[in-house]
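In the working numbering, the protein residues as written are 587 to 971.
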C-alpha cells in the first residue's frame, strides 16, 4: 500500500514525534511505500517577529503548503493519508487538499488541540475544563493558552473556528485515539461523529531482553510543567537515600539542571531509544508524575515493554492502562505525599516490583506490540480505500 504520512515535528522531541517515526518504520517493514510530508517547528524559533506573524497568518490559509502538498499527492499518487500533528506549519488546509484530491484521511489525535488551543486542558498547574464544550476557545484568548500569548492564542483559536466554518475537518474519514479516555473527552465536547472514531493504543518495538534491576527510579519525558518533573525532582532532592535518573529535554531545561548537583539525581538529555530502554530495563520503576490528562503516554508502554512497572497518578488514561498492584502503583492525583509513600514502598519491596515488571511485559505482549498495532491499522486503511 502507498501511504502519505504527514507530521509537524515539535520544537522539543516528544511522544508524537516518536510515534510518527516508529509508524513510518513499521509500515515500511511490512512492505508498504511511505511518502512523508513533514515540517519542523524548530524552523520557527529563530524567525523574526514579522516571519512569525506570517506563520500565524498561514494558519488560516497557506498557498505554499497547499501547492507543495498538492504536487506531492499528484506526483506520488498515495492511496491514503495518515496525519499526526499538523500545527502550526501544515494546518487544517491539508485536510481539504487531500479530500478534494480524493484521498481518504486518517487522523491520530495525540492531544486536545482541536478543543483546547493549549492542547493539554491544563492551566496554572492544574487540569482546566474551561474550554470543554463545543467551540469554547474564547477562554484561551483571555488566558493566552497557546504559547503563553494572547495574540498567538487569538490567531490559533480563530483559525480553528475558520476551518470549522469552511468544513475542513469533514474530510477526515477516521479519528484514531490512543485511549478510550481521550476519545470520550472529544465525544462529549465536540461535534465529532462517534462512528468516525476508534481507539487504537500506541505501540512500542522492544525485544524481550532482561537486565539486572538496580536501585534507581526513572523519569523519561519532556521537561515541562504539565509533566510534573519539577515536583518529582524536588521530592528526590529531599530523599538522598533514593536515586532518580531523569532523561529528557524541554522548556524547563534550566530549572531541571539546577538539581544536577544532588548526588542521588542523574540528569541526561534525550538519548537514542535503545539507550533509554537500557535505563528502563534496570530501573526499579518508571515514574510518570503527570499533572494533566495524558492521552496515552508512550513512556508507559515503553516501560511495560522493558519489564518495568510504573508509578502513576490515578486518573485519566492511566486508569485504563495500569492495574494497581499488578503492573504498577497508583498514587492520589496531585497528592505528592502519597507519591512519596509509593516510591518508598517500591524501594522496600524489590521482589514485588520485579513481579509487577513481569506482569507489565505480559500486558505489553497482549496489547501494545507492533504486530497488533499494524494489523488493526491496516484494517482501517483497507476499509477506507
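Built from N, CA and C at the ideal position, the CB exists for glycine as well.
Determine the DSSP secondary structure at residue i, reduced to helix, strand or coil.
| i | result |
| --- | --- |
| residue 908 | coil |
| residue 923 | helix |
| residue 589 | strand |
| residue 751 | helix |
| residue 659 | helix |
| residue 945 | helix |
| residue 651 | helix |
| residue 784 | strand |
| residue 789 | coil |
| residue 807 | strand |
| residue 676 | coil |
Label residue i either buried or exposed according to how many other C-beta atoms from any shown protein chain fall within 10 Å of its C-beta, with 16 as the threshold for buried.
| i | result |
| --- | --- |
| residue 914 | buried |
| residue 827 | exposed |
| residue 898 | buried |
| residue 936 | exposed |
| residue 660 | exposed |
| residue 682 | buried |
| residue 749 | buried |
| residue 928 | buried |
| residue 696 | buried |
| residue 668 | buried |
Would residue i and residue j qualify as a contact pair, given that the criterion is a beta-carbon distance under 8 Å?
| i | j | result |
| --- | --- | --- |
| residue 678 | residue 754 | yes |
| residue 800 | residue 868 | yes |
| residue 641 | residue 630 | yes |
| residue 599 | residue 856 | yes |
| residue 839 | residue 803 | no |
| residue 1038 | residue 947 | Only positions 587 to 971 of the chain appear in this structure, which leaves residue 1038 out of reach. |
| residue 610 | residue 665 | no |
| residue 627 | residue 594 | yes |
| residue 952 | residue 784 | no |
| residue 908 | residue 806 | no |
| residue 850 | residue 866 | no |
| residue 623 | residue 658 | yes |
| residue 916 | residue 923 | no |
| residue 846 | residue 816 | no |
What whole-angstrom Cβ distance do residue i and residue j have, given they're in contact under 8 Å?
| i | j | result |
| --- | --- | --- |
| residue 895 | residue 942 | 4 Å |
| residue 692 | residue 760 | 5 Å |
| residue 776 | residue 882 | The pair is not a contact, with the Cβ atoms about 18 Å apart (cut-off 8 Å). |
| residue 592 | residue 670 | 7 Å |
| residue 786 | residue 959 | 7 Å |
| residue 790 | residue 906 | So it is not a contact: roughly 17 Å between Cβ atoms. |
| residue 713 | residue 904 | Actually they do not touch by this definition, with Cβ atoms about 13 Å apart. |
| residue 684 | residue 701 | Residue 684 to residue 701, Cβ: 22 Å. No contact. |
| residue 767 | residue 902 | 5 Å |
Within 8 Å of any Cβ in chain B, is that where the Cβ of residue i sits?
| i | result |
| --- | --- |
| residue 670 | Going by chain labels, chain B is absent from the structure shown, which holds only one protein chain. |
- Message: In chain order, what are the residue ranges of uninterrupted beta strand (DSSP E) at least 3 long that sit wholly in the region 691-746?
- Response: Whole beta strand (DSSP E) segments, 3+ residues: 691-694.
- Message: Threshold first: 3 residues or longer. Then list the beta strand (DSSP E) segments lying entirely within the region 592-628, N to C.
- Response: 619-626
- Query: Counting only runs that start and end within the region 834-912, where is the alpha helix (DSSP H) found for 4 or more residues in a row?
  - Reply: Those alpha helix (DSSP H) runs which fall completely within the region 834-912 and span 4+ residues are 839-843, 859-868, 884-891 and 904-907.
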